[in-house]
Amino acid sequence: MDILNRLDPYLTTEDKNLRNFALHILENLPSIKPEWPDRLIRAAIDDPGFSARYLVALANSPVDSAEVPAFKEAVSKLQKTKLFPLRNLVKNLPLAVLVENSKEFSSLFTKEEWAFLVKLSEASKQKTDEMLMETLEKLDASPEYRPDLFDRAKTISRRQVEQDWIDRDILRQSFDLQMQAPYFDFTGIITVYRIKLLKDESFIADLAPLLARDEDILLEEVADALVAFQSDEVIRAIEPFTRIEYPIFTYDVMAQTFSPFAIETMKKHYWSIDDLEMKSVIIKGLTEQLASEGREEIEHFMTFVAKPRIYDTEEQAYGYFTVLGLDHPELGEWKRMASDPRNMDIQFNPLQPTQLTSSSSKAQAVSDKIGRNDPCPCGSGKKYKKCCGK
Numbered sequence: 001m002d003i004l005n006r007l008d009p010y011l012t013t014e015d016k017n018l019r020n021f022a023l024h025i026l027e028n029l030p031s032i033k034p035e036w037p038d039r040l041i042r043a044a045i046d047d048p049g050f051s052a053r054y055l056v057a058l059a060n061s062p063v064d065s066a067e068v069p070a071f072k073e074a075v076s077k078l079q080k081t082k083l084f085p086l087r088n089l090v091k092n093l094p095l096a097v098l099v100e101n102s103k104e105f106s107s108l109f110t111k112e113e114w115a116f117l118v119k120l121s122e123a124s125k126q127k128t129d130e131m132l133m134e135t136l137e138k139l140d141a142s143p144e145y146r147p148d149l150f151d152r153a154k155t156i157s158r159r160q161v162e163q164d165w166i167d168r169d170i171l172r173q174s175f176d177l178q179m180q181a182p183y184f185d186f187t188g189i190i191t192v193y194r195i196k197l198l199k200d201e202s203f204i205a206d207l208a209p210l211l212a213r214d215e216d217i218l219l220e221e222v223a224d225a226l227v228a229f230q231s232d233e234v235i236r237a238i239e240p241f242t243r244i245e246y247p248i249f250t251y252d253v254m255a256q257t258f259s260p261f262a263i264e265t266m267k268k269h270y271w272s273i274d275d276l277e278m279k280s281v282i283i284k285g286l287t288e289q290l291a292s293e294g295r296e297e298i299e300h301f302m303t304f305v306a307k308p309r310i311y312d313t314e315e316q317a318y319g320y321f322t323v324l325g326l327d328h329p330e331l332g333e334w335k336r337m338a339s340d341p342r343n344m345d346i347q348f349n350p351l352q353p354t355q356l357t358s359s360s361s362k363a364q365a366v367s368d369k370i371g372r373n374d375p376c377p378c379g380s381g382k383k384y385k386k387c388c389g390k
């Protein structure tokens, strides 16, 4: 992918804005250069102040035994406060590799968590089925959302995929039963997650209508599953759901599907909608795909004074034009604004509709509430809803 070669020099650049921009793109890329995980883990060790951002950027990238030496070095050298994002990354190792290196990695987990991982590594197919069923029953019975149990159910599912223990016919039956129910329980939501892991394209047409559901956790898993396909078939299947009341997940899937057809579709929709929040999702997609065809839309969007604060649009514009080697009279101003912490004082409430406001108007959308799609204030670089907002 040409985008990988363009990004390569900016992943560890001294320019913080360009580095942030490049790492945000890396987090969503369908594939990366094989040497990047080791490179960024070591960058996290060398730059403690930025270590969390490097590690979070790798959260969706596959890691294997080749990264174990770098992981071990990071465990011994990173500050304790920086170990949580490392823990999340280490969990992506194949389970057998993780458990084999218990001396170094067990310290990243509680005793209960590590005991669970060891038990799972030793479990048979039947036993993993029983462990998953028990976990899902606890999730559904709990009066409150239990992210620890949800994460455990995902870990069991990953192990079953690793071992090729998922029966696709049973997966289809489970999904169809959920579609007949008034809402998806956690068994259904984990079924969607398993579809994502398997990348079973036979489910694309069935998943797309779920974008119209009003079930937040389900929506996030459906969107992630659709993105995982990286398919133009997905773009065609989800396009009718840009007309629902709040299509942010639909546009987010488009934005994270790296293909010329997705770019063409986003460009078309940019000019057909008036909601600035939805436009901002499209602009994020065009900038992060480094789509030269999207220059007109990006320049137009940057003329609005009242831009939603879901994303740092100045950083996106500065990164886009710089990485592509394009000139723009506002480039210096975008860099200044992206570097100014006061620029983040303006927060956008995604529950409040935003009207189009051109540069001739002084109206601004201001809110002191952190929206679920805003950047998390902890500095991880992830959306609030997928970090401290869980």
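Just so you know, full-length UniProt numbering puts 183 at position 183 of the sequence shown, and the rest follows in order with no gaps. Glycine included, each C-beta is placed from N, C-alpha and C at the ideal position.
- Taking each of Phe258, Phe249 and Ile190 in turn and checking the Cα distance to Glu233, the smallest one comes out for Phe258.
- Taking 4 residues as the shortest admissible run, the region 143 to 175 contains the following complete alpha helix (DSSP H) segments, listed from N- to C-terminal end: 147 to 162.
- For Leu29, the closest C-alpha among the options Leu40, Asp47, Val227 and Asp38 is that of Val227.
- Per DSSP, Ser202 lies in no alpha helix (DSSP H) and is assigned neither H nor E.
- Contact between the region 166 to 173 and the region 187 to 205 is established, with three or more Cβ pairs separated by less than 8 angstroms.
- Within the model, the alpha-carbon separation for Gly332 versus Glu221 is close to 38 angstroms.
- Where Gln289 is concerned, there is no enclosing alpha helix (DSSP H), because DSSP gives it neither an H nor an E.
- Residue range Leu95 to Glu100 is occupied by the alpha helix (DSSP H) that includes Ala96.
- For Leu324, the number of other beta carbons within 10 angstroms of its own is below 16, and it is reported as exposed.
- For the pair Pro260 and Val90, the Cα-to-Cα distance works out to about 33 angstroms.
- Contact between the region 138 to 145 and the region 117 to 129 is not established, with fewer than three Cβ pairs separated by less than 8 angstroms.
- Glu162 and Tyr183 have their C-alpha atoms roughly 29 angstroms apart.
- Annotation: the continuous alpha helix (DSSP H) that includes Ser121 extends over Lys111 to Glu122.
- Here Phe304 carries a coil assignment [DSSP, helix/strand/coil].
- Here Lys196 has Glu221, Asp224, Ala225 and Ala228 as same chain residues with Cβ atoms under 8 angstroms from its own Cβ, once five neighbours each way along the sequence are excluded.
- Between Asp64 and Val97, the CB-CB gap stays under 8 angstroms.
- Comparing C-alpha distances from Ala212 to each of Ile273, Thr250, Pro9 and Leu11 shows the shortest one belongs to Thr250.
- Within a 10 Å sphere around the beta-carbon of Met131 sit 16 or more other beta-carbons, which makes this residue buried.
- Excluding five sequence positions before and after Ala57, the CB atoms of its chain that fall closer than 6 angstroms to its own CB belong to Leu23, Leu26 and Glu27, given in chain order.
- Judged by DSSP in its simplified three-state form, Arg295 adopts helix.
- Less than 8 angstroms separates the beta-carbon of Leu210 from that of Leu218.
- Pairing Gln79 with Thr135, the inter-Cα distance amounts to about 33 angstroms.
- Exposed is the label assigned to Asn5, since fewer than 16 other Cβ atoms lie within 10 Å of its Cβ.
- Here Thr257 carries a coil assignment [DSSP, helix/strand/coil].
- Bounds of the alpha helix (DSSP H) holding Asp46 are Trp36 to Asp46.
- A direct Cα-Cα distance of roughly 44 angstroms separates Arg42 from Asp274.
- In the three-state scheme derived from DSSP, where H, G and I count as helix and E and B as strand, Leu78 is classed as coil.
- Shown here, Val56 sits in a helix according to DSSP, grouped into three states.
- Around the CB of Lys154, 16 or more other CB atoms lie within 10 Å, so the residue is classed as buried.
- Comparing C-alpha distances from Ser31 to each of Asn17, Leu93, Ile3 and Arg19 shows the shortest one belongs to Ile3.
- 8 angstroms or more divides the Cβ of Ala237 from the Cβ of Gly285.
- Here Ser292 is exposed, its C-beta having fewer than 16 other C-beta atoms within 10 Å.
- In this model, Arg168 and Asp340 are separated by some 51 angstroms (Cα to Cα).
- In the three-state DSSP reduction, Ala181 falls in the coil class, being neither helix nor strand.
- In this structure, the beta-carbon distance from Ile156 to Leu108 does not fall below 8 angstroms.
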